[in-house]
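Asker: Mind having a look at this structure? Questions to follow.
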Amino acid sequence: MSKNIDWGKLGFAYMKTDYRYVSYFKDGKWDEGKLVTDDSITLNECACVFQYCQACFEGLKAYTTRDGRIVSFRPDLNASRMAESARRLVMPPFPEDRFVKAVRELVKANKDFVPPFGSGATLYIRPFMIGSNSVIGVKPADEFEFRMFCTPVGPYFKGGAKPIVIRVCDYDRAAPRGTGHIKAGLNYAMSLYAGMEAHAEGFAENMYLDPATRTKVEETGGANFIFITKDGTFVTPKSDSILPSITRRSLMVVAEKYLGMKVEQREVLLSEVPEFAECGLCGTAAVISPVGKIVDHGKEICFPSGMEKMGPWTQKLYDTLTGIQMGQIEGPEGWVDTVIG
Ligand SMILES: *Cc1c(COP(=O)(O)O)cnc(C)c1O
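Under this note's numbering, the first residue of the sequence shown is numbered 55, with each subsequent residue one higher.
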């Protein structure tokens, strides 16, 4: 039985669900892992995660398809990206095959919280890992906790995606050099101040530039950029200091294979941004947020797609990718992982 939840009223917020998946790493190995009902964690005050922020996370979604199946989208890519994040933070990667199985177990156990097809809502899944034993000298933990919980979330944009206004940010992107590709709270914590300032000035997001030359577009706090040229080419920044978004990687395939667009992943100069016809931010949470305007120290870059709706190419990309996720369009092999079918 589906829970008594008003799916249409959900925002992007945490709601406690019935089960979460937990596995512990101790004496050099991961235990077998299990589902538990307790949503709290008790740790020593000196746990490495509290002192030295040894932690990383992931984010993905499960959906109800039109024909009533429950699926998740490319969980194998979250598994491998989390393993990369863990290695860079001197944590033991959680085995990738077990990660994918844990997603299935977790979603199955909480199936009554998976929003119905057509509601616009989805089940957001948050895997994370922490260094859990006490460490006072600066060194990595040797015990770890891997956890995965889920929470139903509403459509990111109620009543359709309205283009947003963002600003070119003077702060360097939060991620210190070499950690830009790590999905971790340490990078987010350092972006909170810039985000707070942007919001106070009326902007939805920050556009970060490369710290070395401040001429190249990197990404926003939590989403990669996509641009469309006036002749319909899909352009996205290439940089080894931005997070490799799974949504962006998927959109590159959708653009080329489904929409027949030319796709370029290359350095994007801030100076060429005014030449683009459309701009969007992509990530799991919103899929694509259209950007209508970028303000660079008072100088406005207004995209021809305007402030009322998504540009035509952005809309096609959005419709095709969400169509694949919701099972209305056949996706490439292995993109949709059936949890209950
Ligand atoms: C999660 C995240 C993204 C988006 O990645 P998806 O895999 O598409 O959700 C982009 N940038 C940063 C910094 C992120 O943490």
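Note that the Cβ used here is the ideal one computed from N, Cα and C, for glycine as well.
Just so we're clear, the structure is a prediction, and the values are computed from it rather than from any experiment.
Have a look at C356 and M364 and give me their C-alpha separation to the nearest angstrom.
Answerer: Within the sequence shown, numbered from 1, the residue matching residue 356 stands at position 302. Within the sequence shown, numbered from 1, the residue matching residue 364 stands at position 310. Roughly 13 angstroms separates the two Cα atoms.
Asker: Given L323, which residues of its chain have a CB within under 7 angstroms of its CB, disregarding the five upstream and five downstream residues?
Answerer: For the purposes of this step, residue 323 is taken as the residue at position 269 of the sequence shown. Beyond the five residues adjoining it in sequence on each side, L323 comes within less than 7 angstroms, by CB distance, of T269, K270 in the same chain, given in chain order.
Asker: When the Cα atoms are used, what is the spatial distance from D350 to C223?
Answerer: Translated into the one-based positions of the sequence shown, residue 350 becomes position 296. Translated into the one-based positions of the sequence shown, residue 223 becomes position 169. Distance between the alpha carbons of D350 and C223 is about 8 angstroms.
Asker: Might you give, ordered along the chain, the residues of its own chain that have their beta carbon closer than 8 angstroms to the beta carbon of L131, omitting 5 neighbours on each side?
Answerer: As a position in the sequence shown, residue 131 is number 77, starting the count at 1. Cβ within range, chain order: I300, R303.
Asker: Going by the C-beta, is Y242 closer than 8 angstroms to any heavy atom of ligand 1?
Answerer: Start at 1 with the first residue of the sequence shown, and residue 242 comes out as number 188. At least one heavy atom of ligand 1 is nearer than 8 angstroms to the Cβ of Y242, so yes.
Asker: Could you compute how far the alpha carbon of F171 sits from the alpha carbon of I280?
Answerer: To locate residue 171, count along the sequence shown from 1; it is residue 117. To locate residue 280, count along the sequence shown from 1; it is residue 226. If you draw a straight line from the Cα of F171 to the Cα of I280, it is about 27 angstroms long.
Asker: Using only CA atoms, which one of V144, E150, Y178 lies nearest to L160?
Answerer: For the purposes of this step, residue 160 is taken as the residue at position 106 of the sequence shown. Nearest to L160 by C-alpha distance, out of V144, E150, Y178, is Y178.
Asker: Below 8 angstroms, can you find three or more Cβ-Cβ pairs linking the stretch 66-85 to the stretch 109-125?
Answerer: no
Asker: Tell me, to the nearest whole angstrom, how far the beta carbon of A156 is from that of D72; I am working on the premise that it is less than 8 angstroms.
Answerer: The sequence position of residue 156 within the sequence shown is 102, counting from 1. The sequence position of residue 72 within the sequence shown is 18, counting from 1. A156 to D72, Cβ: 15 angstroms. No contact.
Asker: Note the first and the last residue of the continuous alpha helix (DSSP H) segment covering M306.
Answerer: For the purposes of this step, residue 306 is taken as the residue at position 252 of the sequence shown. Unbroken alpha helix (DSSP H) run through M306: 300-307.
Asker: Report the residue from V345, K353, G352 whose alpha carbon sits nearest the alpha carbon of T368.
Answerer: As a working mapping, residue 368 is identified with position 314 in the sequence shown. For the residues V345, K353, G352, the minimum Cα distance to T368 belongs to V345.
Asker: Thinking M306 and T290 are a contact (beta carbons under 8 angstroms), I'd like their distance in whole angstroms, please.
Answerer: Counted from its first residue, the sequence shown places residue 306 at position 252. Counted from its first residue, the sequence shown places residue 290 at position 236. Contact flag correct, Cβ pair sits at about 7 angstroms.
Asker: Within this structure, are the beta carbons of S343 and Y210 separated by less than 9 angstroms?
Answerer: In the sequence shown, counting from the first residue as 1, residue 343 sits at position 289. In the sequence shown, counting from the first residue as 1, residue 210 sits at position 156. Closer than 9 angstroms, so yes.
Asker: If I218 sits next to E259, beta carbons under 8 angstroms apart, how far is it from one beta carbon to the other, in whole angstroms?
Answerer: Looking up residue 218 in the sequence shown gives position 164. Looking up residue 259 in the sequence shown gives position 205. Correct: roughly 7 angstroms between the Cβ atoms.
Asker: Given a cut-off of 9 angstroms, decide if A195 and A101 are closer than it, judged by their beta-carbon atoms.
Answerer: Locating residue 101 in the sequence shown gives position 47, counting from the first residue. Locating residue 195 in the sequence shown gives position 141, counting from the first residue. Yes, the Cβ-Cβ distance between A101 and A195 is below 9 angstroms.
Asker: Under the three-state reduction of DSSP, which class applies to I378: helix, strand or coil?
Answerer: Locating residue 378 in the sequence shown gives position 324, counting from the first residue. In the structure shown, I378 sits in a helix (DSSP, three-state: H, G or I).
Asker: So, are the CB atoms of I394 and R180 less than 9 angstroms apart?
Answerer: Along the sequence shown, one-based indexing puts residue 394 at 340. Along the sequence shown, one-based indexing puts residue 180 at 126. Contact flag unset, no.
Asker: Give the DSSP-derived three-state secondary structure of F153 in the structure shown.
Answerer: Numbered from its first residue, the sequence shown carries residue 153 at position 99. Three-state result, F153: helix.
Asker: Check the DSSP bridge columns for Y75 and list the partner residues they point to.
Answerer: As a position in the sequence shown, residue 75 is number 21, starting the count at 1. In the DSSP output, where bridge partners are listed per residue, Y75 has L89, M202.
Asker: Closer than 8 angstroms: is that where the CB of L297 sits relative to any heavy atom of ligand 1?
Answerer: Numbered from 1 along the sequence shown, position 243 holds the residue referred to as residue 297. L297: yes, Cβ under 8 angstroms from ligand 1.
Asker: Would you mind reading off the limits of the alpha helix (DSSP H) that contains S134?
Answerer: Counting from 1 along the sequence shown, the entry for residue 134 is found at position 80. Taken as a continuous stretch (DSSP letters only), the alpha helix (DSSP H) holding S134 covers 129-142.
Asker: Look at the alpha carbon of C204 and the alpha carbon of V168, and state the distance between them as a whole number of angstroms.
Answerer: Position 150 of the sequence shown, counted from the first residue, corresponds to residue 204. Position 114 of the sequence shown, counted from the first residue, corresponds to residue 168. Roughly 9 angstroms separates the two Cα atoms.
Asker: Can you say whether G381 is buried or exposed, counting buried as having 16 or more other CB atoms within 10 angstroms of its CB?
Answerer: Here residue 381 refers to the residue found at position 327 of the sequence shown. Looking at its Cβ environment, which holds 16 or more other Cβ atoms inside 10 Å, G381 is buried.
Asker: Can you give me the start and stop residues for the beta strand (DSSP E) that F281 sits inside?
Answerer: The residue given as residue 281 occupies position 227 in the sequence shown. Taken as a continuous stretch (DSSP letters only), the beta strand (DSSP E) holding F281 covers 278-282.
Asker: Quick check on Y68: buried or exposed, where buried means 16 or more other Cβ atoms within 10 Å of its Cβ?
Answerer: For this step, residue 68 is matched to residue 14 along the sequence shown. It counts as exposed.
Asker: What's the C-alpha gap between R338 and K115?
Answerer: Here residue 338 corresponds to residue number 284 of the sequence shown, with the count starting at 1. Here residue 115 corresponds to residue number 61 of the sequence shown, with the count starting at 1. The residue you asked about is not Arg; residue 338 is Thr in the sequence shown. C-alpha separation (whole angstroms): 7 angstroms.
Asker: When you compare each of S77, D60, D166 to P149 by their alpha carbons, which one comes out closest?
Answerer: Here residue 149 refers to the residue found at position 95 when the sequence shown is read from its first residue. Closest by alpha carbon: S77.
Asker: Can you tell which of L335, D294, D166, V103 has its C-alpha closest to the C-alpha of E321?
Answerer: On the sequence shown, residue 321 is found 267 positions in, with the first residue counted as 1. Out of L335, D294, D166, V103, D294 has the C-alpha closest to the C-alpha of E321.
Asker: Using a Cβ-Cβ cutoff of less than 7 angstroms, which residues in the same chain neighbour I383 once the five nearest sequence positions on both sides are dropped?
Answerer: Here the question's residue 383 lines up with position 329 in the sequence shown. Correct list, in chain order: T374, G377.
Asker: Any heavy atom of ligand 1 within a distance shorter than 8 angstroms of the CB on G275?
Answerer: Taking the sequence shown and counting its residues from 1, the one referred to as residue 275 is at position 221. At least one heavy atom of ligand 1 is nearer than 8 angstroms to the Cβ of G275, so yes.
Asker: Just to check, is the beta-carbon of N260 closer than 8 angstroms to a non-hydrogen atom of ligand 1?
Answerer: Taking the sequence shown and counting its residues from 1, one reaches residue 260 at position 206. Flag unset: Cβ of N260 not near ligand 1.
Asker: Any heavy atom of ligand 1 inside 8 angstroms of the beta-carbon of G232?
Answerer: The residue given as residue 232 occupies position 178 in the sequence shown. Not under cutoff, so the answer is no.
Asker: How about E197 and M183: are their beta carbons less than 9 angstroms apart?
Answerer: Taking the first residue of the sequence shown as 1, we reach residue 197 at position 143. Taking the first residue of the sequence shown as 1, we reach residue 183 at position 129. No, they are not a contact pair.
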